[in-house]
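Student:
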Amino acid sequence: MRLNRVIRTTGFRLAALYASLFGLSVLVLFGVIYWITSSALRQQLAASIEAEVAALVENYNRGGLPNAAGAIEQRLVSGVHRKVVFLLVGPDGRKLAGDLPQRAPYYGWQKLPVPREPGRHSDNERDDDGAHHLIALGVALPDESFLLVGRDAYPIIEVEEAIVRAFGWAFAITAVLAVIGGGILSLGFLRRVDAINRTTRAIIEGRLTDRVPTRGTNDELDRLALNLNEMLDRVQALMESLRQVSNDIAHDLRMPLSRLRQRLERVRLKARTIPEFETAVDDAIADSDAILRTFAALLRIAQIEAGTRKSAFSVIDLSRVVQLITDAYGAVAEDGGRSLNVQIASDVRVRGDRELLTQMFANLVENAIRHTPAGTRIWLALHRRAEGPLAIVVDTGPGIPVEDRDMVFRRFVRLERSRSTAGSGLGLSLVAAVADIHGITVTLRDAEPGLMVLLDFAPDRSA
Numbered sequence: 071m072r073l074n075r076v077i078r079t080t081g082f083r084l085a086a087l088y089a090s091l092f093g094l095s096v097l098v099l100f101g102v103i104y105w106i107t108s109s110a111l112r113q114q115l116a117a118s119i120e121a122e123v124a125a126l127v128e129n130y131n132r133g134g135l136p137n138a139a140g141a142i143e144q145r146l147v148s149g150v151h152r153k154v155v156f157l158l159v160g161p162d163g164r165k166l167a168g169d170l171p172q173r174a175p176y177y178g179w180q181k182l183p184v185p186r187e188p189g190r191h192s193d194n195e196r197d198d199d200g201a202h203h204l205i206a207l208g209v210a211l212p213d214e215s216f217l218l219v220g221r222d223a224y225p226i227i228e229v230e231e232a233i234v235r236a237f238g239w240a241f242a243i244t245a246v247l248a249v250i251g252g253g254i255l256s257l258g259f260l261r262r263v264d265a266i267n268r269t270t271r272a273i274i275e276g277r278l279t280d281r282v283p284t285r286g287t288n289d290e291l292d293r294l295a296l297n298l299n300e301m302l303d304r305v306q307a308l309m310e311s312l313r314q315v316s317n318d319i320a321h322d323l324r325m326p327l328s329r330l331r332q333r334l335e336r337v338r339l340k341a342r343t344i345p346e347f348e349t350a351v352d353d354a355i356a357d358s359d360a361i362l363r364t365f366a367a368l369l370r371i372a373q374i375e376a377g378t379r380k381s382a383f384s385v386i387d388l389s390r391v392v393q394l395i396t397d398a399y400g401a402v403a404e405d406g407g408r409s410l411n412v413q414i415a416s417d418v419r420v421r422g423d424r425e426l427l428t429q430m431f432a433n434l435v436e437n438a439i440r441h442t443p444a445g446t447r448i449w450l451a452l453h454r455r456a457e458g459p460l461a462i463v464v465d466t467g468p469g470i471p472v473e474d475r476d477m478v479f480r481r482f483v484r485l486e487r488s489r490s491t492a493g494s495g496l497g498l499s500l501v502a503a504v505a506d507i508h509g510i511t512v513t514l515r516d517a518e519p520g521l522m523v524l525l526d527f528a529p530d531r532s533a
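At position 459 of the sequence shown the residue is numbered 529 (our numbering), and the sequence of numbers has no breaks.
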């Protein structure tokens, strides 16, 4: 895996951004700690120098210059003040005491180089490099004598250098860890993206069964993979449905088209009178209408499955819809020697498309009338429930075998005993499409005898 791919990944850039922010935080923290520590140490150093000056001035006040000079020499001999340097210059400009070389008086705080000769005031052996220096305070005594007291500032410099080193290492470690962490994150991210790319490439090449691997971590990439896999399942189902529909159209429409052609050819060869031609034309029109109805049903199912009708949903009176179906098919059932019984709860309302729901109930009732023998009793019921309406269509006909119940909702599927009745095998397919767009759960059960169709309008809690 090339380095530039790793660097260009979002994971690496995020890691670099967070490392930069953390590094900036480290620099700010370093500045604050460095300034506070250095200021505190320098204030402490200045306070100790001022204390020494005050003590020597007190010695001068008690015994004059000789007493002050003796106090300085005592301090140098004792070694207690080994990091303190002194210089006492008399009014005549002569050096009276101290371990600093004689110099012209300069009053106030000053920065002096460390004496090159060995002294007891410092443990550091290195030459003066500009950083190693003395902090000194010069004061004038009442007789115009000059007193200078200083201390080695190197301990402060050591602490400052230690702080710089510590934060330098911290910053370097942060940068290294950021690069390593960014690389690891980028490699993991690239592997998962490459897995998605491989899957999409395989699907482009025609392997619709491939899916994006998941890790079970439920992170954003796992959720993306799950959504992609769900989309691929849907695409595969649609492709399978398209393949099935294409095959079914080729098989189920070949016969009526062949029959239409044969009739027209027979008329062209054998018909001699106008009534014969008119009869042939009427038969051809009937066959053409049946084919057109089949294509219209297919187009309607495709439109429903595409969800284009969902934008027109509104609150409708489902009780009224079921009552209209009862009124329309009651006489039809009686003419065929069947009975249609109803039980409809009043004012049951749902959100949906009135025309599609009417078509769904009409197809179910018509299916019960068409595929059952004379004497069959049919019930149509609509119940109100707290979780949602429940509609039931029951007949005492031959029913549908358990092994065939899943396939009857497919397009052009007709059971063997229904081959003698008119139809294209699209009625229940349209029912399934309407139910799906409305979120209705359709269940087929054995009515012992007959078939029970349950239409559950309760929302799917698992979705």
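Ideal Cβ placement from N, Cα and C applies to all residues, glycine included.
Go to residue 513, then tell me how far its beta strand (DSSP E) extends in each direction, as first and last residue.
Tutor: Counting along the chain, the beta strand (DSSP E) containing residue 513 begins and ends at 511-516.
Student: In whole angstroms, what is the alpha-carbon distance linking residue 445 and residue 411?
Tutor: Rounded to whole angstroms, residue 445 to residue 411 spans 13 angstroms at the Cα level.
Student: Using 10 angstroms around the beta-carbon of residue 358, count the other beta-carbons present and answer buried if the total reaches 16, otherwise exposed.
Tutor: Exposed: under 16 other Cβ atoms inside 10 Å.
Student: Taking 7 angstroms as the cut-off, decide whether the C-beta atoms of residue 96 and residue 240 are in contact.
Tutor: In this structure, residue 240 lies closer than 7 angstroms to residue 96 by Cβ.
Student: What's the C-alpha gap between residue 461 and residue 283?
Tutor: Looking at the two C-alpha atoms, the distance is approximately 41 angstroms.
Student: Between which two residues does the alpha helix (DSSP H) harbouring residue 435 extend?
Tutor: Start and end: 424-440.
Student: Per the DSSP calculation, residue 183 is bridged to which residue(s)?
Tutor: According to DSSP, residue 183 bridges with 203.
Student: Spell out a yes or no on whether the stretch 98-111 and the stretch 265-280 are touching, meaning 3 or more CB-CB pairs, one atom from each, closer than 8 angstroms.
Tutor: With the cut-off at 8 angstroms, the stretch 98-111 and the stretch 265-280 do not touch.
Student: Identify, in the order they occur along the chain, each residue of the same chain with its Cβ nearer than 8 angstroms to the Cβ of residue 190, setting aside the five sequence neighbours on each side.
Tutor: Unreliable placement is indicated for residue 190, whose pLDDT of 43 sits below 50; no coordinate value is reported for it.
Student: When you compare the stretch 461-475 with the stretch 396-407, are there three or more beta-carbon pairs, one atom per stretch, that lie closer than 8 angstroms?
Tutor: They do not touch, by the three-pair rule.
Student: Leaving out the 5 sequence neighbours to the left and right, which residues in its chain are closer than 6 angstroms to residue 192 when beta-carbon positions are compared?
Tutor: Per-residue confidence for residue 192 stands at a pLDDT of 44, beneath the threshold of 50, marking its modelled position as unreliable; no derived number is given.
Student: Ends of the beta strand (DSSP E) at residue 451?
Tutor: 447-453 is the span of the beta strand (DSSP E), which, as asked, contains residue 451.
Student: Which residues bound the alpha helix (DSSP H) around residue 272?
Tutor: 224-274 is the span of the alpha helix (DSSP H), which, as asked, contains residue 272.
Student: Identify whether residue 462 lies in helix, strand or coil by the three-state DSSP scheme.
Tutor: Reduced to three states, the DSSP call for residue 462 is strand.
Student: To the nearest angstrom, how far is it from the Cα of residue 133 to the Cα of residue 121?
Tutor: Rounded to the nearest angstrom, the two C-alpha atoms are 19 angstroms apart.
Student: Going by Cα to Cα distance, which pick from 116, 124, 208, 128 is closest to residue 159?
Tutor: The shortest Cα separation from residue 159 among 116, 124, 208, 128 belongs to 208.
Student: Taking the beta carbon of residue 196 as the centre, do at least 16 other beta carbons fall within 10 Å, making it buried, or is it exposed?
Tutor: With a pLDDT of 47 at residue 196, under the threshold of 50, the modelled position of this residue cannot be trusted, and the question is left open.
Student: With C-beta atoms as the reference, is residue 281 less than 7 angstroms away from residue 299?
Tutor: Yes. Within cutoff.
Student: Are the beta-carbon atoms of residue 442 and residue 407 separated by less than 7 angstroms?
Tutor: The answer is no: Cβ separation not under 7 angstroms.
Student: Determine the extent of the beta strand (DSSP E) in which residue 526 is found, giving its start and end residues.
Tutor: It spans 521-526 - the beta strand (DSSP E) in which residue 526 sits, taken as one unbroken run.
Student: What span of residues does the alpha helix (DSSP H) with residue 337 cover, start to end?
Tutor: Its alpha helix (DSSP H) spans residues 324-340.
Student: Specify, as a first and last residue, the run of the alpha helix (DSSP H) that residue 398 falls within.
Tutor: Run containing residue 398: 388-405, per the alpha helix (DSSP H) assignment.
Student: Is residue 172 helix, strand or coil when you go by DSSP?
Tutor: Looking at residue 172 - three-state DSSP - the assignment turns out to be coil, as it is neither helix nor strand.
Student: Just to confirm before moving on: does the CB-CB distance between residue 463 and residue 434 stay below 7 angstroms?
Tutor: Yes; because the gap between Cβ atoms is below 7 angstroms, this pair is in contact.
Student: Short of 6 angstroms in beta carbon distance, which residues of its chain neighbour residue 513, apart from the five on each side in sequence? Order them along the chain.
Tutor: The answer, listed in chain order, is 524.
Student: Assuming residue 171 and residue 183 make a contact with CB atoms under 8 angstroms, what is their CB distance in whole Å?
Tutor: Wrong, their Cβ atoms sit about 10 angstroms apart, outside the cutoff.
Student: What are the residues that DSSP puts in a beta bridge with residue 299?
Tutor: Its beta-bridge partners do not exist; DSSP assigns none.
Student: Exposed or buried, which one is residue 224 when buried takes at least 16 other CB atoms within 10 Å?
Tutor: Result: buried.
Student: Just tell me which of 176, 177, 179, 137 has its CA closest to the CA of residue 167.
Tutor: If we check each option's Cα against that of residue 167, 137 comes out closest.
Student: Residues in the same chain with beta-carbon distance under 7 angstroms from residue 326, minus the five sequence neighbours each way, listed in chain order, please.
Tutor: Hits under 7 angstroms: 357, 360, 361.
Student: Got a sec, what are the start and stop residues for the beta strand (DSSP E) residue 410 sits in?
Tutor: Its beta strand (DSSP E) spans residues 409-414.
Student: Are there 16 or more other CB atoms within 10 angstroms of the CB of residue 526, so buried, or fewer, so exposed?
Tutor: The residue in question, residue 526, is buried, as its Cβ has 16 or more Cβ neighbours within 10 Å.
Student: DSSP state of residue 215, grouped into three classes?
Tutor: Of the three classes helix, strand and coil, the one that applies to residue 215 here is coil, per DSSP.
Student: Residue 154 lies in the beta strand (DSSP E); which residues open and close that run?
Tutor: Counting along the chain, the beta strand (DSSP E) containing residue 154 begins and ends at 154-159.
Student: Among 346, 345, 350, 344, which one has its Cα closest to the Cα of residue 334?
Tutor: Among 346, 345, 350, 344, the Cα nearest to that of residue 334 belongs to 350.
Student: When DSSP labels each residue in this structure, what does residue 313 get in the three-state scheme?
Tutor: Helix.
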